[in-house]
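*Asks:* Those letters in the sequence shown? Residues 16 to 165, per the working numbering, in order. All residues carry an ideal CB built from backbone N, CA and C; glycine is no exception. Note that the structure is predicted; figures quoted are calculated from it, not measured. Okay, handing you the structure first.
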Amino acid sequence: MKNLVIVQCGQRKIWSKDPNVGPVKAKDAYISNYFHFNKTYAKRFGDRWILLSAKYGFIDPEKEIEDYNVSFKNGSSGAISDRNLKNQVESKKLRNYNFITILGGEVDYQKIIKAFTDIPCVIKSPLRRLKIGERMSKVRGALLTGKELE
């Protein structure tokens, strides 16, 4: 049974520390502690992990990206459409997983549910209704105990 872990991108990016940094790998672009814990969890418990970005959609951690300021929440222009996310599920070969674990909030959950419509898999979103501090605490706890989130 294969598990794909989808990690929510964060607002804090490396470019906020140094605006002169050029493109970086997606896995290195987001610098919050919350993202770090989620990335560590995804690498430990997933067979594959990817990121969900409002600008780029589903991103491979090794893909280079540039700075951006787009969010699903604020309705900003430039956010990837639901249709493009669904197309990426096919083009990035994301449909071949039995389980999808979402490390993100309600907005991310809704986007991912739409993208994976009609794909036979179990989608888990153990953090979606929690506040950011509670999410971080749960992920940290899972890393310390070695037990997957439920």
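In chain order, what residues of the same chain lie with their CB nearer than 7 Å to the CB of P38, ignoring the 5 residues before and after it?
*Replies:* Taking the first residue of the sequence shown as position 1, residue 38 is located at position 23. Answer for P38: E79, I80 and E81, listed in chain order.
*Asks:* Can you grab the Cα-Cα spacing for the pair Q125 / K139, in whole Å?
*Replies:* Counted from its first residue, the sequence shown places residue 125 at position 110. Counted from its first residue, the sequence shown places residue 139 at position 124. Their backbone Cα atoms lie some 12 Å apart in a straight line.
*Asks:* So, helix, strand or coil for S96, using DSSP?
*Replies:* Translated into the one-based positions of the sequence shown, residue 96 becomes position 81. It is coil, neither helix nor strand.
*Asks:* Taking just the CA atoms, how far does G119 sit from E105?
*Replies:* Taking the sequence shown and counting its residues from 1, one reaches residue 105 at position 90. Taking the sequence shown and counting its residues from 1, one reaches residue 119 at position 104. Roughly 22 Å between the two C-alpha positions.
*Asks:* Determine the burial state of G161: buried for a count of at least 16 other Cβ atoms within 10 Å of its Cβ, exposed for fewer.
*Replies:* Taking the sequence shown and counting its residues from 1, the one referred to as residue 161 is at position 146. With fewer than 16 Cβ atoms within 10 Å of its Cβ, G161 is classed as exposed.
*Asks:* When you compare each of A69, S31 and D75 to F87 by their alpha carbons, which one comes out closest?
*Replies:* Taking the first residue of the sequence shown as position 1, residue 87 is located at position 72. Among A69, S31 and D75, the Cα nearest to that of F87 is on A69.
*Asks:* To which residues of the same chain is A157 closer than 7 Å at the C-beta, ignoring the five residues directly before and after it?
*Replies:* Within the sequence shown, the letter at position 142 stands for residue 157. Result list for A157: Y56, E163 and L164, in chain order.
*Asks:* If I follow the unbroken alpha helix (DSSP H) through L167, where does it start and stop?
*Replies:* Only positions 16 to 165 of the chain appear in the structure, and residue 167 is not among them; the question remains open.
*Asks:* What distance in whole Å lies between the Cβ atoms of L19 and L142, which are believed to be in contact at a cut-off of 8 Å?
*Replies:* Sequence index remark: in the sequence shown, residue 142 carries index 127 (1-based). Sequence index remark: in the sequence shown, residue 19 carries index 4 (1-based). Not confirmed; about 16 Å, so no contact.
*Asks:* Is S152 helix, strand or coil when you go by DSSP?
*Replies:* By 1-based counting over the sequence shown, the position of residue 152 is 137. Of the three classes helix, strand and coil, the one that applies to S152 here is helix, per DSSP.
*Asks:* For K126, decide whether its Cβ has a neighbour in chain D, counting only Cβ atoms nearer than 8 Å.
*Replies:* In the structure shown, chain D cannot be found, because there is only a single protein chain.
*Asks:* May I ask which residues mark the beginning and end of the alpha helix (DSSP H) holding K122?
*Replies:* Here the question's residue 122 lines up with position 107 in the sequence shown. Sequence inspection shows Val at residue 122; the Lys mentioned does not correspond to that position. First-last of the alpha helix (DSSP H) with V122: E121 to A130.
*Asks:* Can you name, in chain order, every residue of its own chain whose Cβ lies under 8 Å from the Cβ of S96, other than the five neighbours on each side?
*Replies:* Position 81 of the sequence shown, counted from the first residue, corresponds to residue 96. Closer than 8 Å at Cβ, skipping near neighbours: no residue.
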